Structure formats: C-alpha cells, structure tokens
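Chemist: Each residue of the sequence shown is one higher than the one before, counting from 1 in UniProt numbering. Please read through the structure below; I'll follow up with questions.
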Amino acid sequence: MAWNEWEQVKAEAAQRQSAQMQLNRADGEPGASGGAADLVVNQDDLGAVGHEVYMLRDRLSRDGDHARPATFDAAIALTNGNFTSGSELLKVHDRWNSQLRTLLDACARISDHLDYSKSVHAEDDADIGGNLLSVSKISEYFK
C-alpha cells in the first residue's frame with residue numbers, strides 16, 4: 001500500500017467514525033454525554049428488601065416459636081395420660097419446628113444473596129466502567 005492510499009484510508013475511517021456507534025458513559029463520569037447505564041443495581045432497593053427479610057426472620061424466630069413449649073408440654077401430658085392424640089400432637093410439634101427452621105434458613109439465604117448481589121454488581125459495574133474507559137482511550141487515537 002502506497003503512502004497516499006494509507007492517508008486516504010485514514011481519512012475515510014475518520015469520516016466513518018462520526019457515523020459509528022458511540023458508547024455512552026454513566027452520568028457523572030468525565031465526558032459523560034448524559035446517557036444512562038444499561039445495568040443498574042439500585043443499592044437502596046436491595047437494601048430495603050434485605051432489611052425487610054431480616055425483620056421477617058427476626059419476627060418469625062420470635063413469634064414462630066411462641067407456642068412450642070406449651071405444645072410440647074401438652075403432647076407429653078396427653079401421651080402420659082394414655083391419649084393417642086399425644087403422639088399425634090408431638091408429630092405436629094416436630095413438623096412445625098422443622099418447617100419453621102426451613103423458613104428461617106430461607107430468609108437468611110435471601111438476605112445473604114441480596115448482600116452478595118449488591119457487592120458483585122457494584123464490582124461488575126466498576127470493572128465494566130474501567131474496560132469502557134480503556135476502549136474510549138483507544139478511540140481517541142483514531143481521530
């Protein structure tokens with residue numbers, strides 16, 4: 001390729017540059033054109049949901065266990081009195097405790113997952129922003 005052909009290719013590339021897709025930056029970044037970020041993780045929303053799950057878990061652990069001692073005592077008393085309903089009430093007691101523990105565990109997992117998601121998405125946003133910034137630096141050389 002001759003030098004004049006190279007200059008012509010560069011000039012054509014510069015003309016096409018204006019018609020090519022431009023990447024927006026998130027608001028607040030230097031050189032931002034006002035474009036909004038595509039992936040948005042609203043930390044406040046995740047925090048509010050996480051707080052509600054935590055409050056639900058706290059209430060469940062307190063209120064869900066309220067009748068356990070009385071139910072257990074009644075089941076033992078009925079069983080000792082030779083009532084067949086005593087053993088059945090003890091099964092209900094055990095099933096309730098099992099289901100309550102499962103629900104408490106689920107609340108804890110949801111809360112932990114929201115915290116994890118918040119952290120990971122923030123890291124991803126920073127990483128993507130850094131990668132896009134390096135691409136925009138390369139684009140400056142083609143102007």
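Each residue gets a CB set at the ideal place from its N, CA and C atoms; glycine is no exception. These numbers come from a predicted model, not from an experiment.
(1) Just to confirm, are Arg62 and Leu104 a CB contact at a threshold of 7 Å?
(2) Suppose the cutoff is 7 Å on Cβ atoms and the five residues either side in sequence are ignored; what does the same chain contact list for Leu46 look like?
(3) Buried or exposed, going by whether 16 or more other CB atoms sit within 10 Å of the CB of His66?
(4) Would you call the CB atoms of Gly50 and Ser111 closer than 7 Å?
(5) Quick check on the DSSP output: the alpha helix (DSSP H) that includes Ala74 runs from which residue to which?
(6) In three-state terms, what does DSSP make of Ala2?
(7) Are the CB atoms of Ala75 and Leu60 nearer to each other than 7 Å?
(8) So the candidates are Thr79, Thr84, Asn97 and Ala126; which of them puts its Cα closest to the Cα of Ser68?
(9) In whole angstroms, what separates the C-alpha of Ser85 from that of Val92?
(10) So which of Ala70, Thr79 and Gly64 has the shortest CA-CA distance to Thr102?
Modeler: In short:
(1) no
(2) Leu114, Ser117 and Lys118
(3) exposed
(4) yes
(5) Arg68 to Asn80
(6) In the three-state scheme derived from DSSP, where H, G and I count as helix and E and B as strand, Ala2 is classed as coil.
(7) no
(8) Reading off the sequence, residue 68 comes out as Arg, not Ser. Checking every option, the nearest Cα to that of Arg68 belongs to Asn97.
(9) If you draw a straight line from the Cα of Ser85 to the Cα of Val92, it is about 10 Å long.
(10) Gly64
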